[in-house]
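Protein chains: 2
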Amino acid sequence: MSNLQKQAEEMIRRRGERVTSSRVQILAMLLAEQRAVTHHEIEERLRNTHRLDRVTLYRVLEWLNDKCFVHKVVSDDRAWRFRANTHIYPHQHAHFECMRCTTVICLDEMKVEYDRPLPAGYRSQEIELTVKGLCAECT
Amino acid sequence: MSNLQKQAEEMIRRRGERVTSSRVQILAMLLAEQRAVTHHEIEERLRNTHRLDRVTLYRVLEWLNDKCFVHKVVSDDRAWRFRANTHIYPHQHAHFECMRCTTVICLDEMKVEYDRPLPAGYRSQEIELTVKGLCAECT
DNA sequence: GCTGAATTGCAACAAAGTTGCATCTACTAT
DNA sequence: ATAGTAGATGCAACTTTGTTGCAATTCAGC
Ligand SMILES: [Mn+2]
Ligand SMILES: [Mn+2]
Ligand SMILES: [Zn+2]
Ligand SMILES: [Zn+2]
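Chain order of the listed sequences is A and B.
Per this note's numbering, residue 177 is the first one in the first sequence, and the count goes up by one each step.
Per this note's numbering, residue 177 is the first one in the second sequence, and the count goes up by one each step.
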């Protein structure tokens, strides 16, 4: 069992949640990854090491998100992308989306704010900021 | 023929593009609307007055977007929403998305900026800012 | 009115995600 | 250690949103 797998298992157990092999494998994979990755990429990556139904993957990802182990981002190709949370209390941060290769990264440094007032009766709860452009590979 | 329909037809003709009844009906509908509306809502709205295949609707919406008559926004429910452009040269602006009823409005007033630097080699081309919360109806 | 290119309708397809239900498994209580 | 149970998983079927190929129709210029 790899270090990341042990770490993933420990994270889940410490929160009093049920430890299953799918959860551990998926979270470990996400912990290793710098980018935000799609359902499809995760499936591909785990194919050889771990048998996993795609519905289970959807359900585990939703569960990881609900439990704040990961967060997800939607982008222009209409697919969710997932990334392990680096902070226990995830802070709002911006994302970068490459318009050519669709890579998504988190801009953890970038605090997101806005000041202008909303129309009467509207309340803000979250802010999402996406910078689009070309990544280092695609420039 | 309503005023908006005349206006829509005139907008298309003045740009030297082919005027078709689908384009006129759809653009007129969008000109009347304050919110950003989905494919589905447009279809529903035009059902009684104008026979229209859903593929044609997709194609006309894409065409209207390409020609800058409208712009589109993707939101958490993974459906594109369309709104007629109020300025001829559309400026970047933020959007508000209601987390309960999924309504999307344009925050035309809100200029979008960001300052923090990107990772080395990354280039920014557009910025998208979405404020999420509760709309006036859902508060 | 005729003509050619652009637009439309229809059927089939595709990607991404969801639902229902039977089976299996991780944790708890004994 | 064993058994019971709530929760997790696998599988098949389904849904939603959007796309593609192609033949038939329509628009704009002559
Ligand atoms: Mn992120
Ligand atoms: Mn807008
Ligand atoms: Zn790229
Ligand atoms: Zn609302």
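Every residue gets a Cβ at the ideal spot worked out from N, C-alpha and C, and that includes glycine.
Test: residue i CB closer than 8 Å to a CB of chain A
i	result
residue 212 (chain B)	no
residue 196 (chain B)	no
Presumed contact (8 Å Cβ cut-off) between residue i and residue j, rounded CB distance
i	j	result
residue 211 (chain B)	residue 280 (chain B)	6 Å
residue 213 (chain B)	residue 257 (chain B)	6 Å
residue 270 (chain B)	residue 305 (chain B)	4 Å
residue 275 (chain A)	residue 297 (chain A)	Not quite, the Cβ-Cβ distance comes to about 35 Å (not below 8 Å), so this is no contact.
residue 250 (chain B)	residue 250 (chain A)	7 Å
residue 293 (chain A)	residue 312 (chain B)	Wrong, their Cβ atoms sit about 13 Å apart, outside the cutoff.
residue 321 (chain B)	residue 261 (chain B)	Outside the shown range of chain B, which is 177 to 315, sits residue 321 (chain B), and nothing can be said about it.
residue 246 (chain B)	residue 259 (chain B)	6 Å
residue 203 (chain A)	residue 177 (chain A)	No, residue 203 (chain A) and residue 177 (chain A) are not in contact; Cβ-Cβ is about 13 Å, not under 8 Å.
residue 207 (chain B)	residue 183 (chain B)	6 Å
residue 252 (chain A)	residue 273 (chain A)	7 Å
residue 315 (chain B)	residue 299 (chain A)	6 Å
CB contact below 8 Å: residue i versus chain B
i	result
residue 275 (chain A)	yes
residue 315 (chain A)	yes
Check your understanding: According to a CB-to-CB cut-off of less than 7 Å, which residues of the region 231 to 264 of chain B neighbour chain A?
Key -> 250, 252 and 254
Check your understanding: Are at least three pairs of beta-carbons, each pair with one atom in the region 195 to 211 of chain A and one in the region 226 to 246 of chain A, less than 8 Å apart?
Key -> yes
Practice item. Using a Cβ-Cβ cut-off of less than 9 Å, give me the residues of the region 292 to 312 of chain A that come near chain B, in sequence order. Key: 292, 293, 294, 295, 296, 297, 298, 299, 300, 301, 302, 303, 304, 305, 306, 307, 308, 309, 310, 311 and 312
Review point. For ligand 4, which residues have a Cβ under 7 Å from at least one heavy atom, in chain order?
Key: B:274, B:276, B:277, B:279, B:310, B:311, B:313 and B:314
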